[in-house]
Each structure stands twice: as C-alpha cells, then as structure tokens.
Amino acid sequence: DELKEMKIADINAYDKSDAVNSFTLSGKRMWLTKEDRVGLVNSINIEKQAGRLDTVLWFDAVKYTIPVSSALLMLNSLELYALDCYNVTQQHIAVVRGLQTGEEVESYNYKTGYPNKLEFSL
C-alpha cells in the first residue's frame, strides 16, 4: 500500500507539472489555472457583450492581443484538454490502486495516454 501511495503521489505530481500543464501560444509555453481560465472566459464574454472585437492576454509581462472569438475558442479547447488530462490522471490512479504486486506498481508507466499539448498561433 505504501508503494501505491508513493506511485499515486508521483502521478499527481506529474499531473501538476509542465509535462501536462502547458500549451503553446505563438511559440511561448504557458499555462492557465482553472481559476484563470474561468475568470478569462467570464471577462471575455463581458467584452464580447460590450461589442469589443479584441481582448488582451498578459503572460510573463508579454501582451497578446487576440480576437474575442478566437480567445473563447482557445479557452474552450484548453478547458477540454485540462478535463481530458484529469480523466487520464484519475484512470492511472485507479489502475495503480488495483495492482496486486510491488513489481507491478514500480513498473507502472503513468506518463502515457495524455492528450497532445495544444499549440495556438496568432
């Protein structure tokens, strides 16, 4: 059981790492937390309702001007990517919990099955 808990901790750490939590926007690797994604969708929808055509995303002190419709599509894709990654992580945890031997636990590869990272260009 201790080996399983250690492997699950490794899975959770991998899930939170740049190996999973990143996408590329115009060649720059970045990530937006769930809270950031939800906040941006809300703000951009308000901009859309106000008739704005473009929105601004700041990341690492770099300004990205993005058409509102494109920004919303990107955030939708990103949310689906995050959900798919979550499902893969939870599946790995479920598999590890069902393994019978220490050898199985130690050799289990939890870095497989994740979706391809998203790449956006402006």
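Taking the working numbering, the leading residue of the sequence shown gets 1066, the next gets one more, and so forth. Even for Gly, the Cβ is constructed at its ideal location relative to N, Cα and C. No experiment lies behind these values; they were computed from the predicted model shown.
For residue i, the first and last residue of its enclosing alpha helix (DSSP H)
{"i": "V1170", "result": "G1167 to S1172"}
{"i": "L1183", "result": "Note, L1183: premise wrong, no alpha helix (DSSP H); not H, not E."}
{"i": "D1080", "result": "E1067 to K1081"}
Close beta carbons around residue i, own chain, < 7 Å, minus the five adjacent residues each side
{"i": "I1073", "result": "I1158 and V1161"}
{"i": "S1172", "result": "none"}
{"i": "V1170", "result": "L1068, K1069, K1072, V1161 and L1164"}
{"i": "Y1151", "result": "none"}
Burial state of residue i (16 or more Cβ within 10 Å)
{"i": "Y1175", "result": "buried"}
{"i": "L1153", "result": "The amino acid at residue 1153 is misidentified as Leu; the sequence shows Val. By the 10 Å Cβ count, V1153 comes out buried."}
{"i": "V1085", "result": "buried"}
{"i": "L1090", "result": "buried"}
{"i": "T1120", "result": "buried"}
{"i": "L1140", "result": "buried"}
{"i": "L1097", "result": "buried"}
8 Å contact criterion, which residue i and residue j should meet: CB distance rounded
{"i": "I1131", "j": "L1118", "result": "The pair is not a contact, with the Cβ atoms about 10 Å apart (cut-off 8 Å)."}
{"i": "V1127", "j": "K1113", "result": "With 8 Å as the limit, V1127 and K1113 do not qualify as a contact, their Cβ atoms being about 23 Å apart."}
{"i": "F1124", "j": "L1183", "result": "Between L1183 and F1124 the Cβ distance is about 14 Å, and since that is not below 8 Å, they are no contact."}
Neighbourhood of residue i by C-beta distance below 8 Å, restricted to the same chain and skipping five residues each side
{"i": "K1099", "result": "A1147"}
{"i": "Q1156", "result": "G1178"}
Range covered by the beta strand (DSSP E) that runs through residue i
{"i": "T1098", "result": "First-last for T1098: undefined, no H or E at that position."}
{"i": "V1127", "result": "V1127 to P1132"}
{"i": "L1122", "result": "D1119 to F1124"}
{"i": "L1090", "result": "F1088 to L1090"}
Chain-order list of residues whose beta-carbon lies under 6 Å from that of residue i (same chain, five-residue window excluded)
{"i": "A1129", "result": "Sequence inspection shows Tyr at residue 1129; the Ala mentioned does not correspond to that position. These residues qualify, in order along the chain: L1122."}
{"i": "R1094", "result": "S1087"}
Inspect the CB distances between the segment 1133-1150 and the segment 1091-1106 and report whether three or more fall short of 8 Å.
yes
For the segment 1169-1183 and the segment 1079-1086, state whether three or more C-beta atom pairs, one from each stretch, are separated by less than 8 Å.
yes
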